[in-house]
Amino acid sequence: KQEVTQIPAALSVPEGENLVLNCSFTDSAIYNLQWFRQDPGKGLTSLLLIQSSQREQTSGRLNASLDKSSGRSTLYIAASQPGDSATYLCAVSGNTPLVFGKGTRLSVIA
Amino acid sequence: GAGVSQSPSNKVTEKGKDVELRCDPISGHTALYWYRQSLGQGLEFLIYFQGNSAPDKSGLPSDRFSAERTGGSVSTLTIQRTQQEDSAVYLCASSLGTRSEAFFGQGTRLTVV
Numbered sequence: 002k003q004e005v006t007q008i009p010a011a012l013s014v015p016e017g018e019n020l021v022l023n024c025s026f027t028d029s030a031i032y033n034l035q036w037f038r039q040d041p042g043k044g045l046t047s048l049l050l051i052q053s054s055q056r057e058q059t060s061g062r063l064n065a066s067l068d069k070s071s072g073r074s075t076l077y078i079a080a081s082q083p084g085d086s087a088t089y090l091c092a093v094s095g096n097t098p099l100v101f102g103k104g105t106r107l108s109v110i111a
Numbered sequence: 016g017a018g019v020s021q022s023p024s025n026k027v028t029e030k031g032k033d034v035e036l037r038c039d040p041i042s043g044h045t046a047l048y049w050y051r052q053s054l055g056q057g058l059e060f061l062i063y064f065q066g067n068s069a070p071d072k073s074g075l076p077s078d079r080f081s082a083e084r085t086g087g088s089v090s091t092l093t094i095q096r097t098q099q100e101d102s103a104v105y106l107c108a109s110s111l112g113t114r115s116e117a118f119f120g121q122g123t124r125l126t127v128v
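Residue numbers (the numbering used here), protein chains in the order written: chain F, 2 to 111; chain V, 16 to 128.
Next comes the structure, spelled out in structure tokens:
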């Protein structure tokens, strides 16, 4: 059974810092990994999708990497801003539909 | 439409009543997912539709829960005889297929009183 773990559960950083969020999964037989953002009381917004054959994807200040063999992904956020404050979720797709981690709650302090 | 649309956005119902939640996926998306998110919890998978294949119902928590997808487009999640523990946000997502990017709606917040 696929299990997804995200560390840390919560993170508070001052504005301008670079930061890394971690995601690990137990079954490496995945099609892809997706990072989402969730603001309080809202749905999920897709940030980045990495196919299993890819090593990384970039969008603006966000960079996601994937090491499928070790079951790990990282989301790097450069020059964090207060508007980045949200919960970040990773999810993997494989033989089972999207399986989610519990998320990392990020607070960026001005 | 431009994105995944869910209705209603909020629903308050009395314990024991039946409720129907609706999801309009992005046009052309063959895959549709339902998840539940309880307060402070992660996303719990409920059911998955892919094209004309039999749906994956492995996440439905009890036989009070059912879902259908008509014409490969709109989906309805039905909860019969609602209980207080059914209170949660119900989220729907769609994608072009299992290997494609998934897009979520804004969710339906269900409160059972």
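Backbone N, C-alpha and C define an ideal beta-carbon position, used for all residues, glycine too.
These numbers come from a predicted model, not from an experiment.
When Cβ-Cβ separations below 9 Å define contact, F:Asn33 makes contact with chain V. Taking 8 Å as the upper bound for CB-CB distance, F:Ser94 and F:Asn23 are not in contact here, some 19 Å apart.
Taking CB atoms only, V:Leu125 has no neighbour in chain F less than 9 Å away.
Around the beta carbon of V:Ala108, 16 or more other beta carbons sit within 10 angstroms, so the residue counts as buried.
For F:Gly95, the enclosing beta strand (DSSP E) has its first and last residue at Ala87 to Gly95. CA-to-CA, the gap between F:Gln35 and F:Glu16 works out to about 25 Å.
Below 8 Å, enough C-beta pairs join the segment 42–57 of chain V and the segment 94–113 of chain V to call them touching: three or more. When the five nearest sequence neighbours on each side are left out, the beta carbons in the same chain lying within less than 7 Å of the beta carbon of V:His44 are those of Ser109, Ser110 and Leu111, in order along the chain. Sequence-distant partners of F:Ile31 (beyond 5 residues in either direction) whose C-beta falls short of 6 Å from its own C-beta, in its chain, are Ser53, Val93 and Gly95.
V:Pro23 and F:Thr27 have their C-alpha atoms roughly 36 Å apart.
Apart from sequence neighbours up to five positions away, the residues of its chain that approach V:Gly31 with a beta-carbon distance below 6 Å are Arg96, ordered along the chain. Its Cα nearest to that of F:Arg73, the residue F:Arg56 stands out among F:Arg56, F:Leu20, F:Gly61 and F:Arg62.
The three-state reading of DSSP puts F:Glu18 in coil, since its state is none of H, G, I, E or B. For F:Ala65, the pairing in a beta bridge is given by DSSP as F:Gln58 and F:Leu76. In the same chain as V:Gly57, and ignoring 5 residues on each side of it, no C-beta atom comes closer than 8 Å to its own.
With fewer than 16 neighbouring CB atoms inside 10 Å of its own CB, V:Ser77 falls in the exposed class. Burial check for F:Pro41: the Cβ neighbour count within 10 Å stays below 16, so the residue is exposed.
In the DSSP annotation of this structure, the continuous segment of the beta strand (DSSP E) that includes F:Asn33 starts and ends at Ile31 to Gln39. Rounded to whole angstroms, the separation of the alpha carbons of F:Ile110 and V:Pro70 is 44 Å.
Counting along the chain, V:Asp39 sits inside the beta strand (DSSP E) bounded by residues Val34 to Asp39.
Interface flag for F:Ala79 against chain V is unset, since no Cβ pair is found closer than 9 Å.
Residues of chain V with a Cβ closer than 8 Å to the Cβ of F:Ser47 are, in chain order, Glu116, Ala117, Phe118 and Phe119.
Non-local beta-carbon contacts of F:Ile8 in its own chain, meaning distances under 7 Å to residues more than five positions away in sequence, involve Asn23 in chain order. Put simply, the CB of V:Gly122 is near chain F, with a gap under 9 Å to one of its CB atoms.
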